[in-house]
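Below is one structure, written out as structure tokens, with a few remarks after it.
There are 6 protein chains.
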Amino acid sequence: MKLLLANPNTTQAVTDRMAEVARVAASRGTEIVAVTGQVGAPYIATRAEAAVAARETMELMANHAPGCDAAIVAAFADPGLGGAKELLDIQVVGLAEAAMLMACMLGRRFSIVTFATARGPWYREAVEYHLLTSRLASIRCLDAPFQDIAHVRAELEALLVQLCVRVVREDEADVIILGGGPLAGLAGRVKHLVPVPLVDCVAAAVRQAEALVALAPRKASERTFRRRAAKPITGVSPALARLFGRE
Amino acid sequence: MKLLLANPNTTQAVTDRMAEVARVAASRGTEIVAVTGQVGAPYIATRAEAAVAARETMELMANHAPGCDAAIVAAFADPGLGGAKELLDIQVVGLAEAAMLMACMLGRRFSIVTFATARGPWYREAVEYHLLTSRLASIRCLDAPFQDIAHVRAELEALLVQLCVRVVREDEADVIILGGGPLAGLAGRVKHLVPVPLVDCVAAAVRQAEALVALAPRKASERTFRRRAAKPITGVSPALARLFGRE
Amino acid sequence: MKLLLANPNTTQAVTDRMAEVARVAASRGTEIVAVTGQVGAPYIATRAEAAVAARETMELMANHAPGCDAAIVAAFADPGLGGAKELLDIQVVGLAEAAMLMACMLGRRFSIVTFATARGPWYREAVEYHLLTSRLASIRCLDAPFQDIAHVRAELEALLVQLCVRVVREDEADVIILGGGPLAGLAGRVKHLVPVPLVDCVAAAVRQAEALVALAPRKASERTFRRRAAKPITGVSPALARLFGRE
Amino acid sequence: MKLLLANPNTTQAVTDRMAEVARVAASRGTEIVAVTGQVGAPYIATRAEAAVAARETMELMANHAPGCDAAIVAAFADPGLGGAKELLDIQVVGLAEAAMLMACMLGRRFSIVTFATARGPWYREAVEYHLLTSRLASIRCLDAPFQDIAHVRAELEALLVQLCVRVVREDEADVIILGGGPLAGLAGRVKHLVPVPLVDCVAAAVRQAEALVALAPRKASERTFRRRAAKPITGVSPALARLFGRE
Amino acid sequence: MKLLLANPNTTQAVTDRMAEVARVAASRGTEIVAVTGQVGAPYIATRAEAAVAARETMELMANHAPGCDAAIVAAFADPGLGGAKELLDIQVVGLAEAAMLMACMLGRRFSIVTFATARGPWYREAVEYHLLTSRLASIRCLDAPFQDIAHVRAELEALLVQLCVRVVREDEADVIILGGGPLAGLAGRVKHLVPVPLVDCVAAAVRQAEALVALAPRKASERTFRRRAAKPITGVSPALARLFGRE
Amino acid sequence: MKLLLANPNTTQAVTDRMAEVARVAASRGTEIVAVTGQVGAPYIATRAEAAVAARETMELMANHAPGCDAAIVAAFADPGLGGAKELLDIQVVGLAEAAMLMACMLGRRFSIVTFATARGPWYREAVEYHLLTSRLASIRCLDAPFQDIAHVRAELEALLVQLCVRVVREDEADVIILGGGPLAGLAGRVKHLVPVPLVDCVAAAVRQAEALVALAPRKASERTFRRRAAKPITGVSPALARLFGRE
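Protein sequence lines correspond, in order, to chains A, G, L, Y, S and C. Just so you know, we're using my numbering here: the first sequence kicks off at 1 and counts up by one. Just so you know, we're using my numbering here: the second sequence kicks off at 1001 and counts up by one. Just so you know, we're using my numbering here: the third sequence kicks off at 2001 and counts up by one. Just so you know, we're using my numbering here: the fourth sequence kicks off at 3001 and counts up by one. Just so you know, we're using my numbering here: the fifth sequence kicks off at 4001 and counts up by one. Just so you know, we're using my numbering here: the sixth sequence kicks off at 5001 and counts up by one.
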């Protein structure tokens, strides 16, 4: 099985980190194809950046999905997820989507913990988008500076663990999602330091993508995610234009 | 007062139609600056097209907002609205946002009626995005072919009126929003044929933008729509890059 | 355009204050007709007082709406709003209704800040009545004595600003509504002291009333706010009895 | 035990009917004091009429509650209920409130069936006011003429039973509330003709009022229904003014 | 009237305490038949224990309901309530169900206060099961040791009162339910020490059961709680097997 | 990896069918241990039967989980799931839980289709229990007789496919879950006959259980699903008593 890990952030080092975690999380025989956005922000934190990223997600998928069995939107709040589900013939899953559904099996209410306050409003919109507010305990963002997005996981590890512990006590979280690609791999490292289960969003997405491939559902020909009529579209890459044009 | 009407659809004729309706709806002294997307679909109907449009909205605003007092996202389900609210120093309002809030004053529950079934899921996500599901009666889409998006309003007028009447009876709608820029102006023409108030989304947005300018609230320096830290961004127009970079 | 500002509180000085703010907020050419309740409490703070006020609102409107283009229920939690919408042939809007819808464009979640704890439960019912709980961050009431309801705005200004700042930090409010007619005009005075937008409920109502008049929707002949069959009613003013009787 | 049945409708014959049903439903030893509104509509069906009735409810209670152990707002959507709970030192319960809570024990979702379409929106607001939308299956109103409100129960009996049966099948109601004082007593007559339990709102209110008296909870001295500070109020009856003034 | 008080906890002393409170709360002429579970935990605090208790509730009812007019599931979060409502021909009510519905008449939002933290998640599920989350202020559990479940009420009285007072101030509770059979009778003892009404769940259940009997609704022959087709069932008591088999 | 498939229904043939589907769905190297309830109904359809099954689920798990890596509650509405999550040191997942979360990735709103009307209310409670009502389109039950629960899948195949197609059209379902162990394997057989994706609950549960094992989260030591203090429990199997007693 081949999984496309499409990172609409433009930082290659974060893609590399996610790919590494994805390969460890994957079943034997699963190959990870990891690609990085060319247009946009080094790491997406706001709705404005996510709006740029949403199109980049579709560009990455149009250009790299052929030959893959499923695709992962590898930015936490899933920019472009709905569009990608409409356009592609393979299954598509987002980091936030997969992590939240996984968290639902591990507790009644989950919190999302991340490393930058700017991400809060965008993350909340992701929970609302997935209509999972009923399962949300809180979203909590560390308000601490860091040097390098590629090493933010290591730089802030101790502070993030402290925040997770507070979230359990203060927000009544039953399970915590570590939100954001740059935190990939952290859950496994610190899980014995926090008294509730931690969810790694990259590992969750890989396993959910595999599960979808195994389940082998048909793509919808009616209702919300069905392929739409061919449509001319201008100003995008030839591959994306072909996808819209259904050639 | 100068209002930017930024249409992320790529059909100039639809922009012209909306601008005409906007000018009629505006207060004396309000000038409408109408611009059309260069990248994307001739008329946006799906999430995939909306994801392309979201970035185009921000491009249009980055390039044309300077000198304006407020801006309107002139595509019904408001692609790029959140991002534009973050980026711009002026107020921004969306067609769906303005129409729904206006509808809330005219009835307890509104329906949205539009002319293409492909729009249904995307429109529903817009209602959910604005957290107004509690006020929604239904979303109903005409399933009829049309020749030309620029004249869809006239081509389908009779069928749309019929659908509106059915929506009042069957879905218990207290008020109906005619959704989509191509339907701008229709509400005024047919209002006596439907037994509940109709909301024209372009007229609503113009009046809400004017109201926001009149109210003159400060832009937030904290919480959800505050301007964020400067961020390098690649692959976008110089104007948009400058906006992200806060130059 | 002529707008009726119907204050069901019995304090003329508060009406005067609201009328002054309304005139500043209004478009050129809009005339404000301000009237004050004769029956009820000097300032409404509880459900019991609001129940008396609801009828007084309808009395004021029955007697003063003729000749006006729209009417405003000029008490924050909108006593009598639904009844007035049913009875009158012109559009009717409430202070809380207008302020909340305006706030929805300025942030994801609003708080309401007011000057007397007794108002809390009644204000919460107003948010629930408008089915906007999904957009509510909190309702916060200053618990401080004041001398004169007509000058409460000035007396408590500093404390209200402090409370607003706390509400942003503690309740995650994106925008704050200053609730209550006696606070009319305060938002404009202190807006640079609070880090999120403030909404003045009187200014919002004036602009929303104007927008409704401009939009010129028909009054419903079916569903929730349609005029009802003529009904004899006893014990009310002749004007109100005529309105019920549809003479 | 003495229960005040305060009917803010102005039709004595409906009060008589309700009092008769109340006496049958009451425990031995419970006395029913039934009073009728002097101001307002012969039977309340709209929000406008309910706004007039809300004050009349408080007038009736101010004048007749002394000496009673609990009071019932004897109009289905409970006009003035919140105000009465604030003002009186005895427990107060509404017909809709009692019927809905009773219905919650008899099924997962209840429908309300009544005899006049004008009542639909007002009844829906009553369900929303009590925050019980999660338990509502539907509100259904017979659209049939009747001669005399005092005999509507008998005139429309067969049609109402038919409607109840349809509501079970079409709306998935587990239990049905017959809404409106004029239908008091009908549930008992026709219960074997409808396949789910029927709730008589007058009988429910009597039993709930008795239960509240038996439970003997204290009146709140803090939070939502606590007695408020004395307040001067003008234009109401001396008894009501005294209640507001806490003499 | 004869009411079955079926306690699926296995502690006879708690049954005795509840029976005593029930007898005081009951109307004259009501007889209380109190029975205690033979299988399960001495006092149920977790979902696992509640799952064992759910079946025990049905066993107790199958064996003791004959001859009774209504039955009470005498453990706070109502284990087995839905099943018992399906199986029995008499009305069945739960302690949590009755207490919450009673609380709804005494305030807008209730809190549940209990004596053991382990009960929190299970109690929350009970509120969710009854679809009453909209009326919930909080669930708060004392975290203090006690010696004997039969005397926990007396041992922890002072601490529980303190917690109730904090819940009013911190969680904005309008009314407090003292949750759990072992606290039966406490509400009456301490009601003047807490500034909002307290609800005794046993007293509430007795009065609600009596009200249901008085209302005399039919048992459903359609929809959610109707008796189902006869079904063979193995491994249960002969009485319960007969109930399933509809002999 | 070893997965326990614990069927609290008492029909061995249904267990066999589920085990067969589970083995096909599982990854290479996953072993399925399938066990069948001894106490209860041949196939669970009501809340009463589910209450018996909840305890049987825990009995099966107490006796067969040792040596397994994760456990599946193999009855659709997940009787005993919460209790099993509390008691066991391995991960536990339910058929409904897994199927619904899987469905959430395949569409915005799912319907559940099953073969017996008696199941409707119980299934709805399962959706409510998982707080996923926001994602539910409908629950639809075939109302057709069948001969043998072990072959109901084949007997009713054509009728179920017809119902699925109607559900897509009438209820706007984006994805359909075939609910109930006896339907295991049907989704794969008929997926090209229904225009939206179908979810097989057994296959979904196997893959979700594998994903949980792969993710390797810690078991909570605080909050909702933490292991509780040892508790004596009577009348259950020695294995289950040991689990409660934490020996």
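Positions of the beta carbon are idealized from the N, C-alpha and C atoms, including for glycine.
Item: Could you give the distance in angstroms between the alpha-carbon of Y/G3094 and the alpha-carbon of G/C1201?; Value: 41 Å
Item: Taking only beta-carbon atoms, is C/K5219 less than 7 Å away from chain S?; Value: no
Item: Measuring straight from C-alpha to C-alpha, what distance separates S/V4206 and S/R4153?; Value: 20 Å
Item: With S/C4141 as the anchor, note down where its beta strand (DSSP E) starts and where it stops.; Value: 4136-4141
Item: Closer than 8 Å by C-beta to A/L156: which residues in its own chain qualify, once you throw out the five before and the five after it? Chain order, please.; Value: F115, L142, A144, F146
Item: With distances taken from CA atoms, which of C/P5008, C/D5148, C/Y5129, C/A5187 is nearest C/E5059?; Value: C/P5008
Item: Where does G/Q1147 sit, in a helix, a strand or coil, going by DSSP?; Value: coil
Item: Could you tell me the alpha carbon to alpha carbon distance between A/R223 and C/S5138, rounded to whole angstroms?; Value: 15 Å
Item: Please confirm if Y/I3224 has its CB atom under 7 Å from at least one CB of chain S.; Value: Rather than Ile, the amino acid found at residue 3224 of chain Y in this sequence is Thr. Closer than 7 Å: yes.
Item: Please determine if the region 5180-5194 of chain C and the region 5211-5229 of chain C are in contact, where contact requires at least 3 C-beta pairs separated by less than 8 Å.; Value: no
Item: For my contact list, A/A71 and A/A65 are in at a C-beta cut-off of 8 Å; report their separation, rounded to the angstrom.; Value: 5 Å
Item: When Cβ atoms are compared, which residues of the region 4025-4045 of chain S fall closer than 8 Å to chain C?; Value: Q4038, V4039, G4040, A4041, P4042, A4045
Item: Residue ranges of each beta strand (DSSP E) run of no fewer than 3 residues wholly in the region 3103-3128 of chain Y, ordered along the chain?; Value: 3110-3114
Item: So is A/A134 in contact with chain C if we call contact Cβ pairs under 7 Å?; Value: Going by the sequence as given, residue 134 of chain A is Ser instead of Ala. Judged by the 7 Å Cβ criterion, A/S134 is in contact with chain C.
Item: Rounded to whole angstroms, what's the CA-CA distance from L/A2022 to L/M2102? Just pull it up for me.; Value: 16 Å
Item: Skipping 5 residues on each side, what residues in its chain have a beta carbon closer than 6 Å to that of L/R2047?; Value: W2122
Item: Could you tell me the alpha carbon to alpha carbon distance between S/V4052 and A/E125, rounded to whole angstroms?; Value: 40 Å
Item: Between C/C5164 and the rest of its own chain, which residues show a CB-CB distance below 6 Å, the 5 nearest in sequence each way excluded?; Value: V5113, I5176, V5194
Item: Please confirm if S/P4289 has its CB atom under 7 Å from at least one CB of chain C.; Value: Lying before the first or after the last residue shown, residue 4289 of chain S is absent from chain S, which here runs from 4001 to 4247.
Item: Going by DSSP, what residues sit across from S/D4089 in a beta bridge?; Value: Its beta-bridge partners do not exist; DSSP assigns none.
Item: Please list, in chain order, the chain S residues whose beta carbon lies closer than 8 Å to that of Y/A3211.; Value: M4102, A4204, R4207, Q4208, E4210, A4211
Item: Let me know the beta strand (DSSP E) ranges lying completely inside the region 1015-1068 of chain G, each 3 residues or longer, listed in chain order.; Value: 1031-1036
Item: Among the candidates L/T2030, L/S2027, L/Y2043, L/L2004, whose CA atom is the shortest distance from the CA of L/T2011?; Value: L/Y2043
Item: Taking the C-alpha atoms as reference points, what is the distance between S/F4244 and C/V5199?; Value: 32 Å
Item: Taking C-beta to C-beta, are Y/A3096 and Y/A3077 nearer than 7 Å?; Value: yes
Item: Closest to C/L5003 by CA distance: which of C/G5040, C/S5027, C/M5100 is it?; Value: C/S5027
Item: Give a yes or no on whether 7 Å exceeds the smallest Cβ distance from S/I4072 to chain C.; Value: no
Item: Identify the residues that DSSP records as bridge partners of G/N1009: which are they?; Value: G/N1009 is not bridged to any residue.
Item: Measure from the alpha carbon of S/R4169 to the alpha carbon of each residue in S/G4235, S/F4110, S/T4117, then state which is nearest.; Value: S/F4110
Item: In whole angstroms, give me the CA-to-CA distance for L/T2015 and L/D2069.; Value: 19 Å
Item: I'd like to know if L/A2252 contacts chain Y, where contact means its C-beta is closer than 7 Å to some C-beta of that chain.; Value: In the structure as shown, chain L begins at 2001 and stops at 2247. Residue 2252 of chain L is therefore absent and cannot be evaluated.
Item: Report the rounded CA-to-CA distance for A/G107 versus C/V5127, giving the unit in angstroms.; Value: 15 Å
Item: Would G/R1108 count as contacting chain L if we go by Cβ distances under 7 Å?; Value: yes
Item: Which residues in the same chain as Y/G3120 place their Cβ atom closer than 7 Å to its Cβ, once the five residues preceding and following it in sequence are excluded?; Value: I3139, C3141
Item: Spatial neighbours of Y/T2946 within its chain, please: C-beta separation below 8 Å, excluding the five flanking residues on both sides.; Value: Given a span of 3001 to 3247 for chain Y in the structure shown, any question on residue 2946 of chain Y remains unanswerable.
Item: Please report whether the beta-carbon of L/K2191 lies at a distance below 7 Å from any beta-carbon of chain G.; Value: yes
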